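Chemist: Our numbering applies: residue -18 is where the sequence shown begins, and numbers increase by one.
We treat Cβ as the ideally placed atom computed from N, Cα and C, and that holds for glycine.
Note that the coordinates shown come from a computational prediction; the quantities given were computed from them, not determined experimentally.
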Amino acid sequence: MRGIHKAYGPLEVLKGVDLTAPRGHVLTLIGSSGSGKSTLLRCCNLLENSQAGEILFEGEPVRWTGQGAARHPADRAQVRRLRTNLSMVFQQFNLWSHMTVLQNVMEAPVTVLGQPPARVEPRARALLAKVGIGDKADAWPAQLSGGQQQRAAIARALCMEPRALLFDEPTSALDPELQQEVVKVIKDLAAEHRTMILVTHDMRLAADVSDHVVFLHQGRIEEEGPPDQIFRAPRTDRLRQFLSATMVA
C-alpha cells in the first residue's frame, strides 16, 4: 500500500500511509482507537475504498476508476479474486446462525470458489480440529462460547486457503480467559510463517507474534520497526506515551 488516503467527509482518517506485508511475515498495527488501524485493514481488502494511493497484491495493482470520494475499483472480477486470497477475521465473529459450525466453514469455498462439498468437508473438519474445536462441527454457533466462535471464524478464513490472513481486533470482544484460546491459535499460525496483518490492542500478542510492528497515530505512521525496538526502545514520545498507557513500556 502506497500513499493511502481515506476520509469520511471532512474527517481525514488516513493521511498517506505506506505499508508492506512481506510473504510469510506477521505485520501488526497498533495505536489508539481512532488512529486508522481498522480502516487501513479494510482498505487493504477493498471493504473500504481509499481515495488516493496504490494497492498492490503480489505485484498486481488494483485498478481504479474515478477520483477522490468517487474512486472505486474498476474491475469487479479483480476485487473478487483478490478478496478470495485475503481472508478476514472480524472482531464479532460474523458466523451464520442458521448454519452449523461445519457448514459455516465450508460455505465460502463451496459457493464462492465452486469447490465440491466432498472435497471441502475433509479440509474443513481438519481445520476445526486444528483450532481445537473439532468436536463442535455439528453444533450451532449459539451453542459455542465467544472464544469457540472466534476459532470457528479463523477456521472459516483458513478454509479459503488464502495467501494472507487479516485479523481485525480478533480478541477484543472476548473475556480475558477466552482471549487466550484465540491467542494460542494466532501464535500457532504465526509459527507456520503465514502471511498475516493483525490489528490489535493486545500488546503482549503483538510483541510475541510480530515480525514488524506499525504504530499509527492520527492517520499517519508515527513509528515502525521490529517488536524488540518498538516495545523496548521506542524512539518517539508519542509511542512511549501509548505504551505507558497500555502498561507495556
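1) Of the choices Ala2, Leu(-8) and Glu35, whose alpha-carbon is the least far from that of Gly15?
2) May I have the straight-line CA-CA distance separating Arg61 from Gly40, to the nearest angstrom?
3) To the nearest angstrom, how far is the alpha carbon of Val83 from that of Arg221?
4) State buried or exposed for Leu146, treating a residue as buried only when at least 16 other CB atoms are found within 10 Å of its CB.
5) At the level of alpha carbons, what is the spacing between Ala230 and Phe196?
6) Tell me which residues share the same chain as Arg4 and place their Cβ nearer than 7 Å to its Cβ, disregarding the 5 neighbours each side in the sequence.
7) Counting Cβ pairs, one atom from each stretch, are 3 or more of them under 8 Å apart for the stretch 41 to 58 and the stretch 170 to 184?
8) Based on Cα-Cα distance, which residue from Asp116, Leu186 and Gly127 lies nearest to Phe71?
9) Can you look up Asp209 in the DSSP assignment and give me helix, strand or coil?
10) In angstroms, rounded to a whole number, what distance separates the CA positions of Ile135 and Lys165?
11) Quick one: residues in its chain with C-beta nearer than 6 Å to the C-beta of Phe74, no 5 flanking neighbours on either side, listed in chain order?
12) Look at the alpha carbon of His193 and the alpha carbon of Pro207, and state the distance between them as a whole number of angstroms.
13) Roughly how far, in whole angstroms, is the beta-carbon of Cys140 from the beta-carbon of Pro97, given that I think they are within contact range, below 8 Å?
Modeler: For this structure:
1) It is Leu(-8).
2) Their backbone Cα atoms lie some 17 Å apart in a straight line.
3) Before going further, note that residue 83 is Leu rather than Val in the sequence given. Answer to the nearest angstrom: the Cα atoms are 44 Å apart.
4) Around the C-beta of Leu146, 16 or more other C-beta atoms lie within 10 Å, and the residue is accordingly described as buried.
5) Confidence at Ala230 is low in this model, with a pLDDT of 39, below 50, so the placement of that residue is unreliable and no value is reported for it.
6) Excluding sequence neighbours, Arg4 sits near Thr176.
7) Touching, no, given that fewer than three Cβ pairs across the two stretches are closer than 8 Å.
8) The shortest Cα separation from Phe71 among Asp116, Leu186 and Gly127 belongs to Gly127.
9) Under the three-state reduction of DSSP, Asp209 is assigned to helix.
10) The alpha-carbon of Ile135 is positioned some 12 Å away from that of Lys165.
11) Gln130, Gln131 and Ala134, listed in sequence order.
12) Approximately 5 Å between the Cα atoms of the pair.
13) Contact between Cys140 and Pro97 fails: their C-beta atoms lie close to 14 Å from each other, not under 8 Å.
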